[in-house]
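To keep things clear, I will list the structure first and then write my remarks on it.
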Amino acid sequence: MSATTTGTTRFDTRPAALPTARRRPRLPFSPWHLLLAPLAALFAVPLVWLVLSSFMSDAEINRFPPALWPSKIDFGGYGYVLGNAMFPRWLLNSAIVSAVAVASNLVFGVLGGYAFARMRFAGSRVLLVLMLATMAIPFQLTMIPTFLVMKKLGLIDTLGALIVPALVTPFAVFLLRQFFLSLPRELEEAAWIDGCNRLRVIFSIVLPLARPALATVAVLTFLTTWNDLTWPLIAINHDTQYTLQLGLTTFQGQHHTRWSAVMAGNVLTVLPVLIAFLFAQKAFIRSVTSSGLKG
41 MSATTTGTTR
51 FDTRPAALPT
61 ARRRPRLPFS
71 PWHLLLAPLA
81 ALFAVPLVWL
91 VLSSFMSDAE
101 INRFPPALWP
111 SKIDFGGYGY
121 VLGNAMFPRW
131 LLNSAIVSAV
141 AVASNLVFGV
151 LGGYAFARMR
161 FAGSRVLLVL
171 MLATMAIPFQ
181 LTMIPTFLVM
191 KKLGLIDTLG
201 ALIVPALVTP
211 FAVFLLRQFF
221 LSLPRELEEA
231 AWIDGCNRLR
241 VIFSIVLPLA
251 RPALATVAVL
261 TFLTTWNDLT
271 WPLIAINHDT
281 QYTLQLGLTT
291 FQGQHHTRWS
301 AVMAGNVLTV
311 LPVLIAFLFA
321 QKAFIRSVTS
331 SGLKG
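First residue of the sequence shown: 41, per this note's numbering; consecutive thereafter.
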């Protein structure tokens, strides 16, 4: 309360100064990293030990207790693997099968996913449910019918037996459908007003916006095809048609005492997978978050 020159009084309505609150020190990273960093290090231990063991000699690997790091860098394992005449052929076979599977899944996945997301036709809902239901069927139930179909087509013991079953997957169609549902229809309607047909809209408007989803489908298809062992083991008999995973398995069986070569072969097998994921990591995360917005 303050006095004026005329003798009247008035109240001071100004709010009292609040005590300054102490600012809590903020971490330069998310608190979740305190939990995720140790877990990531734990999961990385086998991979790190695999790489270190590939530079050890056989004597160091077989020593007890096992060595944690090489006493000297030994490239004997890599020389033994790369000197194997069949290893480059197995690498080429895996690259061919994976590249064709990735390309075909992108093409068929885009066409099928866009059809389920934007086009309404008789039985579209039922067909979508049936397609998704096939994802719940384990491969062990379908490998014999698939083998019989490939045998009728004359593709057994060829790379075609590995490529044809992987040309399109329900997961690729479903993931791209979910991503297309998250795109605004107004962009496509504006293109139709300008005179674009359906295919022009897909390739000129939709696909540039769907790069994260396309990258995710490409990476997941590559990982699945590259790491597949069960189906090549059933469909391939001759060693010239082996994929890298199948060839490496027989290589381990034939040369089980050359652990340095086995470790080096595994490193060379895992390396393309790590490179593919690191290059597409951001696109993969964006695709997973955006494709889950609408169902």
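Glycine included, every Cβ here is placed at the ideal spot set by N, Cα and C.
- Comparing C-alpha distances from M159 to each of T290, R225, T283, I315 shows the shortest one belongs to R225.
- Contact check for P210 and T174: beta-carbon distance about 5 Å, within the 8 Å limit, so the pair qualifies.
- Cβ-Cβ distances below 8 Å link V208 to S144, N145, F148, G149, G152 in the same chain, with the five nearest sequence neighbours on each side left out; the list follows chain order.
- Our two residues, A320 and T290, have alpha carbons roughly 31 Å apart in a direct line.
- By the neighbour-count criterion, in which a residue is buried when 16 or more other Cβ atoms sit within 10 angstroms of its Cβ, T283 is buried.
- With three or more CB-CB distances shorter than 8 Å, the stretch 269-285 counts as touching the stretch 185-200.
- In the three-state reduction of the DSSP assignment, H278 falls in the coil class.
- Sixteen is the threshold: since fewer than 16 other Cβ atoms of the shown chains lie within 10 Å of the Cβ of A80, the residue is exposed.
- Following the DSSP letters along the chain, one finds G153 inside the alpha helix (DSSP H) bounded by residues 127-158.
- The Cβ atoms of S93 and Y118 lie no closer than 9 Å to each other.
- By the beta-carbon neighbour count (other beta carbons within 10 angstroms, threshold 16), E228 is buried.
- Nearest to S244 by C-alpha distance, out of L254, T265, P252, A231, is A231.
- Ranked by Cα distance from V189, the first of P86, A275, L308, A316 is A275.
- Rounded to whole angstroms, the gap between the alpha carbons of S222 and P86 is 39 Å.
- Between the alpha carbons of W130 and F161 lies a distance of about 44 Å.
- At least 9 Å separates the beta-carbon of V204 from that of N267.
- Rounded to the nearest whole angstrom, the CA to CA distance from V246 to A206 is 24 Å.
- Assignment of G287 by DSSP, reduced to helix, strand and coil, places it in the helix class.
- With contacts defined as CB atoms closer than 9 Å, N306 and L288 qualify as a contacting pair.
- With fewer than 16 neighbouring CB atoms inside 10 Å of its own CB, P248 falls in the exposed class.
- The beta carbons of L168 and R217 sit closer together than 9 Å.
- Judged by DSSP in its simplified three-state form, T198 adopts coil rather than helix or strand.
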